[in-house]
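Residue numbers (our numbering), protein chains in the order written: chain A, 1 to 93; chain B, 1 to 417; chain C, 1 to 947. We put the beta carbon where it would ideally sit given N, CA and C, even for glycine. To keep things clear, I will list the structure first and then write my remarks on it.
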Amino acid sequence: MLMIDCPWCGARAELEFRHCGEAHLLRPADPATLSDAQWADYLAFRDNARGWARERWRHVHGCGRFFNALRHTQTDRFAATYKPGQAWPEPPA
Amino acid sequence: MSGFSAFRLLREALRGQSGWEPQWRAPAQPQAEYDVVIVGGGGHGLATAYYLAKEHRVGRIAVLEKGWIGGGNTGRNTTIIRSNYLFPESAALYDHAVQLWEGLSQELNYNVMFSPRGVLMLAHNVHDEQSFRRHVHANRLAGVDNEWLDAEACRAFCPPLDIHQQRYPVLGGALQRRGGVARHDAVAWGYARAASALGVDIIQNCEVTGITRGVDGGVTGLSTSRGEVRTRKVGVVAAGSTSLVMAMAGVRMPLESFPLQALVSEPVKPVFPCVVMSNTVHAYISQSDKGELVIGAGTDQYPSYSQAGGVQILSHTLEAICELFPMFRRMRMLRSWGGIVDTTTDRSPIIGLTPVPGLYVNCGWGTGGFKATPGSGHVFAATIARGEPHPIAAPFSLDRFVTGRLIDEAAAAAVAH
Amino acid sequence: MTRLATGGRIDRTRPLRFSFDGRDYTGFAGDTLASALLANGVHLVGRSFKYHRPRGILSAGVEEPNALVEIDRGVGRREPNARATMVPLVEGLVARSQNRWPSLRFDLAALAGLGSAVLGAGFYYKTFLGPGRDAWHKRWEPLIRRMAGLGRAPEAADPDRYGNRYAHAEVLVVGAGPAGIAAALEAAAAGGRVILCDEQAEFGGSLLAEPRAWPQLAADMAALSANPAVTLLPRTTAFSYGLQNFVALAQVLEQPNDLRERLWQVRAQRVVLATGALERPIPFSGNDRPGVMLADAARHYAQRWGVLPGRNVAAVVAHDTGYAATFALQDAGAVIAAVLEMREAAPAALLAEAARRGVRVLANHGVVGTRGGLRISGLLAAPRGADGAPDAARATPIACDLLLMAGGWTPSVHLFSQARGMLRWDAALDAFLPGEAREAVTCVGACAGEGLAPGLPVTQMAAGSARAPKAFIDQQNDVTTRDIALAVREGFRSIEHVKRYTTNGMATDQGKTSNMLGLALVAGELGRSVPEVGLTTFRAPYTPTSFGAFAGRHRGLQFDPVRAAPLHDWAVQQGAVFEPVGQWQRARYFPHAGEEMRAAVDRECLAVRESVGIFDASTLGKIEVVGPDAALFLERCYVNAWQKLGIGRCRYGLLLREDGFIYDDGVVGRLAADRFHVTTTTGGAARVLHMLEDYRQTEFPELHVWLTSTTEHWGVIALQGPRARDVLAPLVAGLDWADFPHMAVAECRVAGIAARLFRVSFSGELGFEVNVPASQAPAVWQALMQAGAAHGITPYGTEAMHVLRAEKGFIIVGQETDGTVTPDDAGLTWLVGKAKPDFIGKRSLTRPEMLRADRRQLVGLRPHDGRNLPDEGAQLIATATSREAEGHVTSAYRSASLGHPIALGLLAGGRARLGDTVFATSLNGAPMALEVVAPCFLDPKGDRLRG
């Protein structure tokens, strides 16, 4: 079970959190202008990176807030968690 | 390939088993050029290669495997085989596989231990019952066996089952008698042996590092850890790693890869005659021929390529097992492990062409790919050979995510009102 | 008796009686079942998995592959495959041997051993291919299944209890041998919480076989026990080492009337692994015979338990520690027949000591084979040839009743590896040792190679053994050296392939005694080094762990929390029949005495249509949406238009996923310009809130709006029926009835309680939903029941609710919809705000697939025969003989009000097929003819609900 550092509450057990998919996917401002393929890309197509991935979590059984995390998908280790709107941290070397 | 038989086994016994040769040829290096290269030496990839050679007479075929064949999800799943899916497209695909399973040992001259002992899916609430009965109706119409059992009949079919458990009593279940289990490793080895005998090169410890494309955008070859390979057709069958391989050709996939765990108990004498699944309480169980209870757990919530998951996922599954089968509380977990399952948003696979000419993909089987192995390989081979989707594969195209023509098998599990 | 007169840590003042296979024996407190059996001269304890060969006690610890027994503590307490070496003896213990018939001494299945030449690795893949396609399943599999398996599964539900505990510690020390105890003392001195666990019943590890160390051990343990910051956990196995130092421990308590086992989940700042090392067996023919034992185990039996496992002892030695064991047995009174030193020569000091003791050492010797039936009686010793194999032509017999194997040591790096630490091959020690760590972990003692000396490298020890018959490496699974060679010959070269093909290392000991030998043999066959061949993965659990420990207290009603609505207790008192809906228990119907479900539901429905019914709707999800941008927020999320919804008015809201399919629905009431009361489906409450929070926080953070779940805050009582107002009105204060039409909401008082009153209808009748604080709901319910008595007010359950709404053609999300249904499919296009540029899912509705004319659309279905119900889930087909599904029946009910059955369904192009006949499939008869009708069967204009 992961230990996750909520940017507001501090480190808590994974049971308190929900993973919410890839981060920094902005919902298109005007979906009507998108082609079907562009819309599908937003809906379903993902990086699914092996290595450092930016992803969203929610402290659903805690403060309830969404936040972003930089996590390595082979070691499952977190490099950082950060609040929405904050700049992407660079992956560790 | 010298044949396997009881007679041969006896003959070898008399000479200290000295006459057996390698079950498949193991070239250390790929050749410079192939007609088709399959990326991924799991059951699906090996089956694809086998049918390409056997039914489509493709001459030069290679299977490139970055590790050891059958080492991915083929060797890590709980081997459940069934075809009682809701939508006709799905039922057709999985039933195609079941029909191939039924003769697979003879086809491959390799005992894959297909054991159609029946798969029973339990209903614990009115919504489950409605959903399963819908499946039964749909399957019967499509010619796929599936029947509804009341609770007592469920217990008669699976005596260890406690249908009166306090929290989620069993209301009934959907039984597919033709469903069952098979020996997972044997499927990979059996296909490898048969494919190798037809001339397919199986190259292990050979990781694909790049896909090269020509001026027309089409595939021209592969870079691998064991050198360059020229080919005009590549079939990617890389399960959890599909996104990574496809990215080498610049193709983004509608996939996420999650850890999925499973476990076995210590072996005991026969006590569990069938396969039981309960989606409501998350329990999937059968007993192997060796005597181990084989139990499937759920996925972790976050994508990962680690082949490891949290202990709480195992606990959750064993809580359910202990409720359904209270006599198993004193049984012990012997071994647990994890795989990487590539899932699509509609929980149905992707089989077919890609935007890159010559590049084909077969992926997205999620938690249930093993059961489809022969059918998947069979229709994918036809798709690659003909350059157009096999009719059974056609609905599972990549562009369904654009058109919206999804085959949403997860949908029927929508939460009750 | 082979019990020594003195010595050991057993308590000779406390004899304990036990039985094995029905015979009574006596041991002492402090014994394990294994030591007690050996003390009674019992060596034959079990039968092997495949060939049913007689097997004895190989080890003194967790690695035991052979001495597996059934422990029977009464009904539901039968435990298979218990390792006799790990079962502390208790008074009255009942143990039985396994996997034999009719008896342990005479096992008919041992005939399989005669066929061992045929039954080599993977034989089952090569045969059983006929006759017929189903020969395996029908004919052969049942035979194989009966032969396989070890013990018997328990037969009855386990009555024992299991516990669970979470703990945090500055330091967790795994293993209480000398290194672990030293680490625990050091950590305790540094302050902070320390947990020290050990799988054995007694702390001390290797010290338990060192009588000279016992005084210091006692002092150290006393110091640790006295420290309140130290938690000592004996009989506790750290079996799983997860990320971020999250370690799972299984503690065996077996306290009468208390917990049997407890699962600990420990998060430690630092983990110290002091897991020791396991002795390697030696591969030679007949190395599995009872009486062949690991040398250090024999030493433990003599010194820890005061048992002499043999009187005439031979030893085959590839490592110096074999001498210590041999000498210890000699000191305990055994005669040493010979020591076969596999190396060219033993160290001079050991040879000198052997000479002083009169122990004969045969250098560069190995074992050609062993003699004896159910226990070893002798062996054939021979000098090792150039290939490492003993030269059978020069063999000499040596009589013995115990043969020690000292094959060197394998550090227990299991947990370190589980923690994703890298292992490194130490050529000098001939072992894998902990390398780079990924966790805050330190390895100490033998598991880190400390204190270990090199012996004969394992590849040299195994050299030549691949041709020896019946030289076992995985004793439980009957994997021989020849099996490994066969697997390699057949092209299985990856160590994982060899493991899977031969099953080496897959027995209940998970390769603790077999993996290194398997590796050495593969290396030998391939001409590679051990590290080139590589290791198989170490996987949890370290030792088998009971399911019950994982499940803990999550059993019975505690398996999953039960959610009960405020009126649950009242419904129980009324004898309601409940149904589970998610975690909720909802009253399905309220039968009168002797009344069947159908009659009860008919009665409840008619009451609503003719007079008034009362229904507990509290499980509906409720979200308070508040803020200046509340309307705008809902506008962006739901399909409907919200900005113009008047204060005090309600609207039926529909929520899609971004893929355009219906996700949830519910009535939304506007209480103020900036305040909405949103309801969701019962099952959808949590996920809808999650989804709305997602958009609020991450897509529309600029909006000033807040969401609060109020599901549990409000008790909701629905009053439905033409008399609803008559019942309600006298209890209501502060409401302007003149301005309270259908789809209105107001804050007022009901029965003196502050309430939010909705005028809404899910039945098609005049209807109200009274929201009051949950704690007040029973009182308000009682008041309404009293007020309604004159009108025959009738409580109804979810089943009647379903019928009533179906008569009106109202959908239930999850029943009429299944994640593939768009608003248009459900006939709800009228809800969609036409002028809205966007809402969640809107873009998906214009994808080509969503515009097809043959999409499945909601229709009503009326059976031609007017009597029988189609099955819910039945497929809709155009003709009675068609095989092509064109939709399905989503709901089907008997309608007491209408006097005929009704159904709803999704039918391809259904709205254009009104009046057509379609057929519903049947599971036990002919398809049923149905007329396609509009989904609303009753009062299509809605006069009744506006009444």
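Proximal residues of chain C, C-beta to C-beta of residue i below 8 Å
{"i": "His137 (chain B)", "result": "Asp871, Gly873, Ala874, Gln875, His888, Thr921, Leu923"}
{"i": "Pro89 (chain A)", "result": "None at all; the shortest Cβ gap to chain C is about 18 Å."}
{"i": "Thr224 (chain B)", "result": "Result: empty, since nearest Cβ-Cβ is about 18 Å, beyond 8 Å."}
Residue environment, residue i, which counts as buried when at least 16 other CB atoms sit within 10 Å
{"i": "Ile211 (chain B)", "result": "buried"}
{"i": "Ile392 (chain B)", "result": "buried"}
{"i": "Arg856 (chain C)", "result": "buried"}
{"i": "Ala416 (chain B)", "result": "Any reading at Ala416 (chain B) must be qualified, since the residue scores a pLDDT of 34, below 50, and its modelled position is unreliable; no value is offered."}
{"i": "Asn257 (chain C)", "result": "exposed"}
{"i": "Gly92 (chain C)", "result": "exposed"}
{"i": "Arg105 (chain C)", "result": "exposed"}
{"i": "Ser18 (chain B)", "result": "exposed"}
{"i": "Ala82 (chain C)", "result": "buried"}
{"i": "Trp8 (chain A)", "result": "exposed"}
{"i": "Gly8 (chain C)", "result": "buried"}
{"i": "Val572 (chain C)", "result": "exposed"}
Within chain A, the residues that residue i reaches when beta carbons sit closer than 8 Å
{"i": "His690 (chain C)", "result": "Arg18, Arg58, Val60"}
{"i": "Gly310 (chain B)", "result": "Met1, Leu2, Glu14"}
Integer-rounded CB distance, given that residue j should sit under 8 Å from residue i
{"i": "Ala383 (chain C)", "j": "Pro390 (chain C)", "result": "What sits at residue 383 (chain C) in the sequence shown is Pro, not Ala. Pro383 (chain C) to Pro390 (chain C), Cβ: 7 Å. Contact."}
{"i": "Val444 (chain C)", "j": "Glu436 (chain C)", "result": "The pair is not a contact, with the Cβ atoms about 17 Å apart (cut-off 8 Å)."}
{"i": "Ile717 (chain C)", "j": "Val780 (chain C)", "result": "6 Å"}
{"i": "Ser35 (chain C)", "j": "Val69 (chain C)", "result": "Rounded, the Cβ-Cβ distance is 14 Å, inconsistent with contact."}
{"i": "Asn14 (chain C)", "j": "Phe28 (chain C)", "result": "It should be pointed out that residue 14 (chain C) corresponds to Arg in this sequence rather than to Asn. 6 Å between Cβ atoms; contact."}
{"i": "Leu129 (chain C)", "j": "Asn111 (chain B)", "result": "6 Å"}
{"i": "Gln29 (chain B)", "j": "Arg226 (chain B)", "result": "5 Å"}
{"i": "Leu9 (chain B)", "j": "Val118 (chain C)", "result": "6 Å"}
{"i": "Val264 (chain B)", "j": "Arg335 (chain B)", "result": "5 Å"}
{"i": "Val36 (chain B)", "j": "Leu64 (chain B)", "result": "The Cβ separation is near 11 Å, so there is no contact."}
{"i": "Ala774 (chain C)", "j": "His713 (chain C)", "result": "6 Å"}
Bridge partner(s) assigned by DSSP for residue i
{"i": "Thr708 (chain C)", "result": "C:Glu624"}
{"i": "Gly767 (chain C)", "result": "C:Gln720"}
{"i": "Pro395 (chain B)", "result": "In the DSSP output, where bridge partners are listed per residue, Pro395 (chain B) has none listed."}
{"i": "Gln23 (chain B)", "result": "Paired residues: none, contrary to the question."}
{"i": "Glu79 (chain C)", "result": "C:Ile71"}
{"i": "Tyr893 (chain C)", "result": "C:Ile902"}
{"i": "Trp57 (chain A)", "result": "A:His19, A:Phe67"}
Within chain B, partners of residue i - CB distance below 9 Å
{"i": "Met5 (chain A)", "result": "First, the residue type needs correcting, since residue 5 (chain A) is Asp and not Met in the sequence shown. Under the 9 Å cutoff, chain B gives no residues; its nearest Cβ is about 15 Å from Asp5 (chain A)."}
{"i": "Arg856 (chain C)", "result": "Within 9 Å Cβ-Cβ: nothing; Arg856 (chain C) doesn't reach chain B, min ~12 Å."}
{"i": "Ser494 (chain C)", "result": "Gly67, Trp68, Ile69, Gly71, Gln204, Asn205"}
Partners in chain B for residue i, counting only beta-carbon separations shorter than 8 Å
{"i": "Ala157 (chain C)", "result": "Asp162, Pro326, Met327, Arg329"}
{"i": "Gln510 (chain C)", "result": "Leu334, Arg335"}
{"i": "Phe67 (chain A)", "result": "Under the 8 Å cutoff, chain B gives no residues; its nearest Cβ is about 14 Å from Phe67 (chain A)."}
Beta-carbon neighbours of residue i, restricted to chain C and to distances below 7 Å
{"i": "Ile321 (chain B)", "result": "Phe547"}
Per-residue contacts from residue i into chain A (C-beta, under 7 Å)
{"i": "Gln301 (chain B)", "result": "Arg18, His19"}
* Asked: Taking one C-beta from the stretch 140-156 of chain B and one from the stretch 174-191 of chain B each time, how about it: are there three or more such pairs within less than 8 Å?
  -> Contact holds: three or more Cβ-Cβ distances are below 8 Å.
* **Any 3 or more C-beta pairs closer than 8 Å across the stretch 248-262 of chain B and the stretch 81-95 of chain B** => no
* Asked: Is it true that the stretch 213-227 of chain C meets the stretch 185-198 of chain C, where meeting means three or more beta-carbon pairs spaced less than 8 Å apart?
  -> yes
* Just checking, does the stretch 110-129 of chain B make contact with the stretch 230-243 of chain B on the three C-beta pairs under 8 Å criterion? -> no
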